[in-house]
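To start, the structure under review is shown below, and the notes come after it.
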Amino acid sequence: MNTESEKDQFLKEFGSDYGYPNAPKNIDEIRATEFKRLNSTVYLDHAGATLYSESQMEAIFKDLNYTVYGNPHSQSSCSLASEDIVAKARQQVLNFFNASPREYSCIFTSGATSALKLVGETFPWSSQSSFMYSMENHNSVLGIREYALSKGAAAFAVDIEESTHLGESESPKSNLKLTLHHVQRRSEGGELKEGMTGNAYNLFAFPSECNFSGRKFDPYLVKIIKEESERILGSSQYGRGCWLVLIDAAKGCATDPPDLSKFKADFVVFSFYKLFGYPTGLGALIVRNDAAKLMKKTYFSGGTVAAAIADIDFVKRREGVEEFFEDGTISFLSIAAIQHGFRIMNMLTTSSISRHTASLAAYVRNKLLALKHENGEFVCTLYGLLSSEMGPTVSFNMKRPDGTWYGYREVEKLATLAGIQLRTGCFCNPGACAKYLGLSHLDLLSNIEAGHVCWDDRDILHGKPTGAIRVSFGYMSTFEDVMKFVNFVENNFVILSSNWSAFHPSSISPPVEGIGKAAARHFLTSITVYPIKSCAGFSVNQWPLTSTGLLYDREWILKSTTGEILTQKKVPEMCYITTLIDLNLGKLFVESPRCKEKLQIELKSNSLATGRDEMDIQSHRDVGARLNFVNEAQFLLVSEESIADLNSRLKSNGRKSTGGQAVQVGAMRFRPNLVASGGEPYAEDRWRHLNIGGKYFTSLGGCNRCQMININPEAGEVQRLSEPLATLAGYRRAKGKILFGILLRYENNTKTKSDAWLRVGEQIFSNGDSN
Numbered sequence: 001m002n003t004e005s006e007k008d009q010f011l012k013e014f015g016s017d018y019g020y021p022n023a024p025k026n027i028d029e030i031r032a033t034e035f036k037r038l039n040s041t042v043y044l045d046h047a048g049a050t051l052y053s054e055s056q057m058e059a060i061f062k063d064l065n066y067t068v069y070g071n072p073h074s075q076s077s078c079s080l081a082s083e084d085i086v087a088k089a090r091q092q093v094l095n096f097f098n099a100s101p102r103e104y105s106c107i108f109t110s111g112a113t114s115a116l117k118l119v120g121e122t123f124p125w126s127s128q129s130s131f132m133y134s135m136e137n138h139n140s141v142l143g144i145r146e147y148a149l150s151k152g153a154a155a156f157a158v159d160i161e162e163s164t165h166l167g168e169s170e171s172p173k174s175n176l177k178l179t180l181h182h183v184q185r186r187s188e189g190g191e192l193k194e195g196m197t198g199n200a201y202n203l204f205a206f207p208s209e210c211n212f213s214g215r216k217f218d219p220y221l222v223k224i225i226k227e228e229s230e231r232i233l234g235s236s237q238y239g240r241g242c243w244l245v246l247i248d249a250a251k252g253c254a255t256d257p258p259d260l261s262k263f264k265a266d267f268v269v270f271s272f273y274k275l276f277g278y279p280t281g282l283g284a285l286i287v288r289n290d291a292a293k294l295m296k297k298t299y300f301s302g303g304t305v306a307a308a309i310a311d312i313d314f315v316k317r318r319e320g321v322e323e324f325f326e327d328g329t330i331s332f333l334s335i336a337a338i339q340h341g342f343r344i345m346n347m348l349t350t351s352s353i354s355r356h357t358a359s360l361a362a363y364v365r366n367k368l369l370a371l372k373h374e375n376g377e378f379v380c381t382l383y384g385l386l387s388s389e390m391g392p393t394v395s396f397n398m399k400r401p402d403g404t405w406y407g408y409r410e411v412e413k414l415a416t417l418a419g420i421q422l423r424t425g426c427f428c429n430p431g432a433c434a435k436y437l438g439l440s441h442l443d444l445l446s447n448i449e450a451g452h453v454c455w456d457d458r459d460i461l462h463g464k465p466t467g468a469i470r471v472s473f474g475y476m477s478t479f480e481d482v483m484k485f486v487n488f489v490e491n492n493f494v495i496l497s498s499n500w501s502a503f504h505p506s507s508i509s510p511p512v513e514g515i516g517k518a519a520a521r522h523f524l525t526s527i528t529v530y531p532i533k534s535c536a537g538f539s540v541n542q543w544p545l546t547s548t549g550l551l552y553d554r555e556w557i558l559k560s561t562t563g564e565i566l567t568q569k570k571v572p573e574m575c576y577i578t579t580l581i582d583l584n585l586g587k588l589f590v591e592s593p594r595c596k597e598k599l600q601i602e603l604k605s606n607s608l609a610t611g612r613d614e615m616d617i618q619s620h621r622d623v624g625a626r627l628n629f630v631n632e633a634q635f636l637l638v639s640e641e642s643i644a645d646l647n648s649r650l651k652s653n654g655r656k657s658t659g660g661q662a663v664q665v666g667a668m669r670f671r672p673n674l675v676a677s678g679g680e681p682y683a684e685d686r687w688r689h690l691n692i693g694g695k696y697f698t699s700l701g702g703c704n705r706c707q708m709i710n711i712n713p714e715a716g717e718v719q720r721l722s723e724p725l726a727t728l729a730g731y732r733r734a735k736g737k738i739l740f741g742i743l744l745r746y747e748n749n750t751k752t753k754s755d756a757w758l759r760v761g762e763q764i765f766s767n768g769d770s771n
């Protein structure tokens, strides 16, 4: 595809919106001077976090280097400098949302989630209250439900449908339909009685933009809920009382912040890193002053009281809204940094940023919707397109020519190898995820029972996606970014009939000829035991078999002092922790370059051994569990011929390591228990049943490889490379997986109990062949 001609076509349609022609710097200058670190990286996760610019950080560091900011609770001149910058920052925030300081106050928090939590815990809930929220809300909004239910209030979700676009007018439009979902209660208060809701306070929450689909919610919802709640909710008793409205602007504020001079929301929350990348850990709650008077705060701290007496029940709280709600010393240095971020927003303007990012999102939507396989089937299913307005977010899934889904984890894995950073999953928005993917309550519960949890790799269950792929754009995104992404999708997921076989599992390797003949026999050339999950193993010439696999294989894990299970995915340096088991002594020996002493663990005891140096570790044996701490199966087998073929491809591709040497991998890069030799490359793909020296095994299929195989422990230091996974992705993809090696289950039967040992050199017969 000719990128130049494509850009010409793009500019013909979107040229008036793209690139900030009226700003001091256009988009190409911004990228060249402010984001040199991106280099060849295509960053498309601005809904997760946008990026800070170089000049922004330089200004922050210069400010901190030349200004002394003291604790604002002190009375020194340095503290007055902090008070001054904090006051200016509050005004900048209010100006950004067009909010009058006479009507609104800016409360600094640790982020949007903290701001939502503050609303939930201080809202005047009662048994007559209701908490209503749109289906398309972040988990952080759903969490408010716990506060409401604990006070006996009702909680329910609503689906919001627009019959036509809600335009601006003097009175709210009446073309909005709200469909109520399950009403929940926890207390024994029962149904509301007539006349009980007169003094009740209710809360309605919705996002300015859905972080799953990119759907924009019309701010007229504020007026409609406040003024016409009884009409919208019909005869429902839950529409009575006084309604307050909360807008979660965390996703939408970077391109379309709510205008609080027109739409008098009571609460607006957001985080600064979603606006301009830095600082993280800082957000704000914009609260209408009349609503703040209703909030009931229990806890007090140094910054929120005018006076307190230690030995009697006396406290006098401060009267200012900000001082009343901001516990302790606020993050004044981070607050000092936001002026430099706002300088960028003011220079470009949110309206220009909105048009720029919208043009890129529209281009991507159009391109994805047009993609077809050679058999005429559409590739992409996009979500949220029926909405009247969309933000700079595109959420979708993809299908193969036969109608089955690509797994979003496969897409993310390949995108990472291509230098494209995107997001997959449900994006902490379970309501929108279920709505757009068509997942019923039964589907969701079935997925949970199957073991699916947030952020895991179970991307397809029962033939349906459990999440989606999301790309989102920021003010520094370029046409070249989206063009690389579109090319990536076309090159990797649009299938022509001529190369469909390369993606079909039955054709991933050539047929194995001569099953049962000498030519089809392999030999076991290596046995490796990994006592501690993710740590280095040790090789042996023979080893006992048990019902769980190799004796003591992956029966221990390492935990941090906080209880977190450690793996190489999180701590790549674990590859340097060595292990050795002496069956005669009955001990496991563990050594680490970070620990001065060698650990010794008694094999027959369940006691813990702990080494303390730079890293605290604990060993936990999974006593009695059938599969111990393995991920999928008891054994992983690879063949020397397959390794050799992979290395030949790496060499012919000219792949280089960071040291400039040709990338070559050994069998241990894949952490196999068993290595076979003999026959053709990838013959193991076809094996279904194996006999290894009279012991019987069943193949559970290919092993889906992840980026752990790119960690090279032989380099002396952890190197995060793109190989060999990138090369494997080019020719070893099948049904949403990148396969290398096979997974085995030991069939422990009475025939083999008398000699349940594996030995290097034993012959391997496949598909039921025997001695």
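Take 1 as the starting number for the sequence shown in full-length UniProt numbering and just add one per residue. Glycine is no exception: its CB is placed at the ideal position from the N, C-alpha and C atoms. Note that the structure is predicted; figures quoted are calculated from it, not measured.
6 Å CB neighbourhood of residue i in its chain, flanking five on each side removed
i	result
residue 779	One cannot answer for residue 779 here, as it falls past the ends of the chain, which runs 1 to 771.
Asp8	none
Glu591	Thr578 and Lys598
Gly19	Asn26 and Ile27
Classification of residue i by the beta-carbon crowding that lies within 10 angstroms, buried from 16 upward
i	result
Asp248	buried
Cys454	exposed
Ala307	exposed
Val315	exposed
Leu442	exposed
Val287	buried
Arg409	buried
Gly666	exposed
Tyr299	exposed
Ala520	With a pLDDT of only 48 at Ala520, under the threshold of 50, the placement of this residue in the model should not be trusted; the figure read from the coordinates follows. Ala520 should be labelled buried.
Glu602	exposed
residue 786	No answer is possible for residue 786: the residues shown for the chain start at 1 and end at 771.
Lys274	buried
Gln661	exposed
Asn199	exposed
Residues near residue i in its chain [Cβ-Cβ closer than 7 Å; skip 5 each side]
i	result
residue 772	Look at the range of the chain in this structure, 1 to 771, and you will see that residue 772 is not part of it.
Glu6	Met483
Tyr104	Leu94, Leu260, Ile286, Val287, Arg288 and Asn289
Lys12	none
Asn98	Asp259, Leu260 and Ser261
Val471	Leu44, Val364, Val394, Leu422 and Phe485
C-beta contact flag for residue i and residue j at 8 Å
i	j	result
Ile107	Ala336	no
Pro279	Ser334	yes
Phe670	Gly730	no
Leu637	Glu684	yes
Lys297	Thr113	no
Option nearest residue i by Cα separation, candidates the options
i	options	result
Ser534	Glu555, Ser547 and His522	Glu555
Ala536	Tyr552, Leu566, Gly549 and Met574	Met574
Glu83	His181, Leu744, Pro72 and Ser76	Pro72
Gln634	Arg688, Leu744 and Ser648	Leu744
residue 772	Ile144, Phe473, Arg458 and Leu64	Missing from the structure shown is residue 772; the chain here goes from 1 to 771 and no further.
Gln128	Thr109, Ser150, Leu496 and Glu680	Ser150
Asp256	Val321, Gly474 and Ser130	Gly474
Glu412	Gly403, Asp402, Phe396 and Pro401	Phe396
Asn767	Lys274, Tyr682 and Leu690	Leu690
Phe276	Val268, Ala254, Ala32 and Gly730	Ala254
Leu360	Ala155, Phe332 and Gly391	Gly391
Asn584	Tyr576, Lys604, Val571 and Phe765	Lys604
Residues sharing a beta bridge with residue i, DSSP
i	result
Asp159	Thr179
His522	Ile764
Tyr372	The amino acid at residue 372 is misidentified as Tyr; the sequence shows Lys. For Lys372, which the question treats as bridged, DSSP gives the partners Phe378.
residue 775	Beyond the ends of the chain as shown, which are 1 and 771, falls residue 775; an answer cannot be given.
Gln542	Arg759
Cys242	Tyr201
Pro724	Pro724 is not bridged to any residue.
Residue i Cβ short of 7 Å to the ligand NAD heavy atom set
i	result
Tyr552	This structure does not include the ligand NAD; it has no bound ligands of any sort.
Own chain residues within Cβ distance below 8 Å of residue i, not counting five before or after
i	result
Ile330	Pro72, Val86, Phe108 and Gly303
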